[in-house]
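Engineer: First, the structure itself, so that you have it in front of you.
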Amino acid sequence: MPATTMEQLVSLCKRRGFIFAGSDIYGGLQGTYDYGPLGVELKNNIKQAWWRANVYERDDMEGLDAAILMNRLVWKYSGHEETFVDPMVDCRQCQSRWRADHVKNGKCEKCGSTNLTEPRPFNMMFKTAVGPVADGDSFAYLRPETAQGIFVNFKNVVDATSRRLPFGIAQIGKAFRNEITPRNFVFRVREFEQMEIEYFVRPGEDEAWHARWVEDRLHWWTTLGLSRDNLKLYHVPADELAHYSKATVDIFYKYPIGWEEIEGIANRTDYDLGSHSRGQADLGLTAKVSPNTDSTAKLTIPDPETQKPIVPYVIEPSAGVDRGVLALLCEAYEEEIKPNGEKRTVLRLKPSIAPIKAAVVPLKRNAPEIVDACKSLKRALQSTGEMRVVYEDTGNIGKAYSRHDEVGTPYCLTVDFQTLEDKTVTVRDRDTMTQIRLPMDEAYDYIRKGITETFARE
Ligand code: GAP
């Protein structure tokens, strides 16, 4: 059974080094978390799986890594300066602040008072000074979504790659939101990572592409290990849609806190490229797209049929890395009783995303020949740079196994005295706890087979 409380995960994450509270030694900074030795591996594996499925395994996608700081005009024309707001209320009794839609029964969560102000809009973008002179104009926003970096590079990518519709641009990166009430561990934080695709299509073909992307993205989460029963689709009602969206379907995961969004797939129409084209016109930056047309919009691409320049529509699958980490940890977490009656905690992560692929364990850590054999086995296993392998001698064999069960390591390889004679090792499987004996030089292929996965839809 997956984790039933957030506390189980918070405790495991801290104890084993997946996720720590940010700035912990100074009392923390609300809404920030640091990924520890295992967390960074898990997060990187998720991001790599996403990149592989969406960039490498497709023929219609390019990658991008845009700057976090952008010209302020980007956020003016994207609509975020005006509309990227959450409703906020103040408690008149204890002066605390809450997101209006998070307040239950009209009561302050801290002191219980019902003496709250009327909701008023609060813009969630962080501001920072740019350059040494801090006058009113020399500031920039930390991006609240990675998407705009893609829109402002649309023409650059088209010119550099000669892409034609339909095609997409994929990007993974940090986003920042001054959430009024960050909560639920890494679920709602002020600094997080997004994996976003802007997929450009012909207007009129947008709805079919939207439906297709919803299915693709749902499928991908299941290939990573989330059970279909714990995922559902939420068709966002019109009055809840973001300012840029014609239709949005959210993928919800059944977290211990209830069903919540892990990814949103929006039909952003030509809203963003249209707005930035208008921005360019306002500033006198537009030029004729081609001598054969009278179009003045710069952010266009030829229509595949008419060859006339058009502003394409956009389908946007936008997933949160941190919410993905949390969901995958929930799903994988299991407490069970072993046949010998002992309790064990096991993280049944798919081997492809497990932080550590194999632990090499010496039967005796003070036997130099065994230690040497372990070290050379570890070097051989990680020689291609494909997998994180560790040498594990922090306790006895039993402790090593439970430690690695708890962090999801799919294989433990034990080197013993027989290894020195016949060059074989035992390989213990995390899920079944069974052991087999293998020639050392077959261990790499054995593990590699176990961790290889295909992430794209057939
Ligand atoms: N570009 C579209 C966009 O940003 P969004 O629904 O606001 O859409 C997309 O965000 C995803 O980013 C969400 O589904 C969620 O996984 C993640 N996300 C958003 N705000 C977050 C926060 N405060 N903490 C953690 N993840 C967040």
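All residue numbers for the sequence shown refer to my numbering, where the first residue is 1406 and numbers rise by one.
Backbone N, C-alpha and C fix where the C-beta goes; we use that ideal spot for every residue, glycine too.
Considering just the uninterrupted stretch of the alpha helix (DSSP H) at H1624, what are its terminal residues?
Structural biologist: For this step, residue 1624 is matched to residue 219 along the sequence shown. Where H1624 is concerned, the enclosing alpha helix (DSSP H) stretches over D1611 to L1629.
Engineer: Whole angstroms is fine: what's the gap from F1489's alpha carbon to E1811's?
Structural biologist: Looking up residue 1489 in the sequence shown gives position 84. Looking up residue 1811 in the sequence shown gives position 406. About 40 Å.
Engineer: Less than 8 Å between C-beta atoms, sequence neighbours within five positions excluded: which residues of the same chain meet that for V1820?
Structural biologist: Residue mapping note: residue 1820 aligns to position 415 of the sequence shown, counting from 1. Apart from the 5 residues on each side of it in sequence, V1820 sits with its Cβ closer than 8 Å to the Cβ of V1765, V1766, P1767, L1768, I1775, A1778, C1779, L1782 and V1830 in its chain, given in chain order.
Engineer: Using a 10 Å radius around the Cβ and a threshold of 16 neighbouring Cβ atoms, would you call S1682 buried or exposed?
Structural biologist: The residue you call residue 1682 lines up with position 277 of the sequence shown. When all chains shown are included, S1682 counts as buried.
Engineer: Which residue comes first and which comes last in the alpha helix (DSSP H) that contains C1817?
Structural biologist: What you label residue 1817 is simply residue 412 of the sequence shown in a count that begins at 1. Taken as a continuous stretch (DSSP letters only), C1817 belongs to no alpha helix (DSSP H), being part of the beta strand (DSSP E) at Y1816 to V1820.
Engineer: Let me check one thing: in DSSP terms, what residues is G1578 bridge-paired to?
Structural biologist: By 1-based counting over the sequence shown, the position of residue 1578 is 173. Answer is Q1599, bridged to G1578.
Engineer: Regarding S1723 and the ligand GAP, is the C-beta to nearest heavy atom distance less than 8 Å?
Structural biologist: Working through the sequence shown from its first residue, we reach residue 1723 at position 318. Proximity of the beta carbon of S1723 to the ligand GAP is indicated: a heavy atom of the ligand is located closer than 8 Å.
Engineer: Just curious, the alpha helix (DSSP H) that P1773 is in, first and last residue?
Structural biologist: Your numbering for residue 1773 matches position 368 in the sequence shown. Its alpha helix (DSSP H) spans residues P1773 to L1786.
Engineer: Roughly how far, in whole angstroms, is the beta-carbon of T1705 from the beta-carbon of I1720, given that I think they are within contact range, below 8 Å?
Structural biologist: One-based indexing of the sequence shown puts residue 1705 at position 300. One-based indexing of the sequence shown puts residue 1720 at position 315. Wrong, their Cβ atoms sit about 18 Å apart, outside the cutoff.
Engineer: Return helix, strand or coil for H1485, following the three-state DSSP convention.
Structural biologist: Along the sequence shown, one-based indexing puts residue 1485 at 80. In the structure shown, H1485 sits in a helix (DSSP, three-state: H, G or I).
Engineer: For V1563, which of helix, strand or coil comes out of DSSP?
Structural biologist: As a working note, residue 1563 is residue 158 in the sequence shown. Correct three-state label for V1563: helix.
Engineer: When you compare the CB positions of A1575 and I1667, do they come within less than 9 Å of one another, or not?
Structural biologist: Working through the sequence shown from its first residue, we reach residue 1575 at position 170. Working through the sequence shown from its first residue, we reach residue 1667 at position 262. Not a contact, by the Cβ cut-off of 9 Å.
Engineer: For L1547, which of R1595, T1628 and I1662 has the nearest alpha-carbon?
Structural biologist: For the purposes of this step, residue 1547 is taken as residue 142 along the sequence shown, with counting starting at 1. When only C-alpha atoms are compared, the closest one is R1595.
Engineer: Look at the alpha carbon of N1635 and the alpha carbon of S1723, and state the distance between them as a whole number of angstroms.
Structural biologist: If you number the sequence shown from 1, residue 1635 lands on position 230. If you number the sequence shown from 1, residue 1723 lands on position 318. Taking the straight line joining both Cα atoms gives about 19 Å.
Engineer: Go through its chain and collect everything with a Cβ distance to V1751's Cβ below 6 Å, but skip five positions before and after it.
Structural biologist: Here residue 1751 is taken as the residue at index 346 of the sequence shown, counted from 1. E1739 and D1810.
Engineer: Taking L1646 as the reference, which of I1852, C1418, D1491 and M1845 has the closest Cα?
Structural biologist: For this step, residue 1646 is matched to residue 241 along the sequence shown. Looking at the Cα atoms, D1491 is the closest of the given residues.
Engineer: Taking the alpha-carbon positions, what's the T1857 to R1568 distance?
Structural biologist: Mapped onto the sequence shown, residue 1857 falls at position 452. Mapped onto the sequence shown, residue 1568 falls at position 163. For T1857 and R1568, the distance between alpha carbons rounds to 31 Å.
Engineer: What does C1496 pair with, by DSSP beta-bridge criteria?
Structural biologist: As a working note, residue 1496 is residue 91 in the sequence shown. Paired residue(s): L1521.
Engineer: In or out: A1848 buried (at least 16 other Cβ within 10 Å) or exposed?
Structural biologist: Along the sequence shown, read from residue 1 onward, the residue named residue 1848 stands at position 443. Classification for A1848: buried.
Engineer: List the residues that DSSP assigns as beta-bridge partners of G1573.
Structural biologist: Within the sequence shown, numbered from 1, the residue matching residue 1573 stands at position 168. Answer is M1466 and Y1604, bridged to G1573.
Engineer: My assumption, with CB atoms under 8 Å, is that V1832 sits in contact with Y1816. Please give the rounded CB distance.
Structural biologist: Mapped onto the sequence shown, residue 1832 falls at position 427. Mapped onto the sequence shown, residue 1816 falls at position 411. With a Cβ gap of about 6 Å, V1832 and Y1816 count as contacting.
Engineer: Could you check which residue in G1427, T1522, V1535 and L1678 has the C-alpha nearest to that of L1474?
Structural biologist: Counting from 1 along the sequence shown, the entry for residue 1474 is found at position 69. Selected option, being the one with the closest Cα: V1535.
Engineer: Run through DSSP, which three-state label would T1897 get?
Structural biologist: What is shown of the chain runs 1406 to 1863, which leaves residue 1897 out entirely.
Engineer: Taking L1417 as part of the alpha helix (DSSP H), name the residues at either end of that continuous run.
Structural biologist: Mapped onto the sequence shown, residue 1417 falls at position 12. M1411 to R1421 is the extent of the alpha helix (DSSP H) around L1417.
Engineer: Taking 7 Å as the limit between beta carbons, can you name the residues of its chain near L1843, skipping five residues before and five after?
Structural biologist: Here residue 1843 corresponds to residue number 438 of the sequence shown, with the count starting at 1. Cβ neighbours of L1843 beyond the five flanking positions: T1829, V1830, V1832 and Y1851.
Engineer: For my contact list, Q1498 and N1520 are in at a C-beta cut-off of 8 Å; report their separation, rounded to the angstrom.
Structural biologist: Reading the sequence shown from its first residue, position 93 is the one you call residue 1498. Reading the sequence shown from its first residue, position 115 is the one you call residue 1520. With 8 Å as the limit, Q1498 and N1520 qualify as a contact, their Cβ atoms being about 5 Å apart.
Engineer: Spatial neighbours of F1556 within its chain, please: CB distance less than 7 Å, with the 5 preceding and 5 following residues excluded, ordered by chain position.
Structural biologist: For the purposes of this step, residue 1556 is taken as the residue at position 151 of the sequence shown. E1603, D1677, L1678 and H1681.
Engineer: For the alpha helix (DSSP H) that contains L1678, what are its first and last residues?
Structural biologist: To locate residue 1678, count along the sequence shown from 1; it is residue 273. That run of the alpha helix (DSSP H) goes Y1676 to D1687.
Engineer: Run the CB neighbour count on E1515, radius 10 Å, all protein chains shown included, and call it buried at 16 or more, exposed below.
Structural biologist: The residue labelled residue 1515 in the question sits at position 110 within the sequence shown. Just to set this straight, residue 1515 is Lys in the shown sequence, not Glu. Exposed.
Engineer: Use the C-beta contact count for F1372: other C-beta atoms within 10 angstroms, 16 or more gives buried, fewer gives exposed.
Structural biologist: Nothing can be reported for residue 1372: it is not among the residues displayed for the chain, which extend from 1406 to 1863.
Engineer: Can you tell me whether V1563 is buried or exposed? The criterion is at least 16 other CB atoms within 10 Å of its CB, across all chains shown.
Structural biologist: For the purposes of this step, residue 1563 is taken as residue 158 along the sequence shown, with counting starting at 1. V1563 is buried by the Cβ-count criterion.
Engineer: Hey, how far is the Cα of V1538 from the Cα of V1479?
Structural biologist: Residue mapping note: residue 1538 aligns to position 133 of the sequence shown, counting from 1. Residue mapping note: residue 1479 aligns to position 74 of the sequence shown, counting from 1. For V1538 and V1479, the distance between alpha carbons rounds to 21 Å.
Engineer: One question on the structure: do A1408 and L1629 come within less than 9 Å of each other, judged by their Cβ atoms?
Structural biologist: In the sequence shown, the residue the question calls residue 1408 occupies position 3. In the sequence shown, the residue the question calls residue 1629 occupies position 224. No, the pair does not count as a contact, with Cβ atoms beyond the cut-off.
Engineer: Between the alpha carbons of S1495 and I1670, how many angstroms are there, rounded?
Structural biologist: As a working note, residue 1495 is residue 90 in the sequence shown. As a working note, residue 1670 is residue 265 in the sequence shown. The sequence given here places Asp at residue 1495; Ser does not occur at that position. Near 32 Å, if we compare the C-alpha coordinates of I1670 and D1495.
Engineer: Please tell me whether W1626 and Y1649 are closer than 9 Å, where the distance is taken between their beta carbons.
Structural biologist: In the sequence shown, counting from the first residue as 1, residue 1626 sits at position 221. In the sequence shown, counting from the first residue as 1, residue 1649 sits at position 244. It is not a contact, given that the beta carbons lie outside the stated cut-off.
Engineer: Report buried or exposed for K1637, applying the criterion of at least 16 other Cβ atoms within 10 angstroms of its Cβ.
Structural biologist: By 1-based counting over the sequence shown, the position of residue 1637 is 232. The residue is exposed, with fewer than 16 neighbouring Cβ atoms inside 10 Å.
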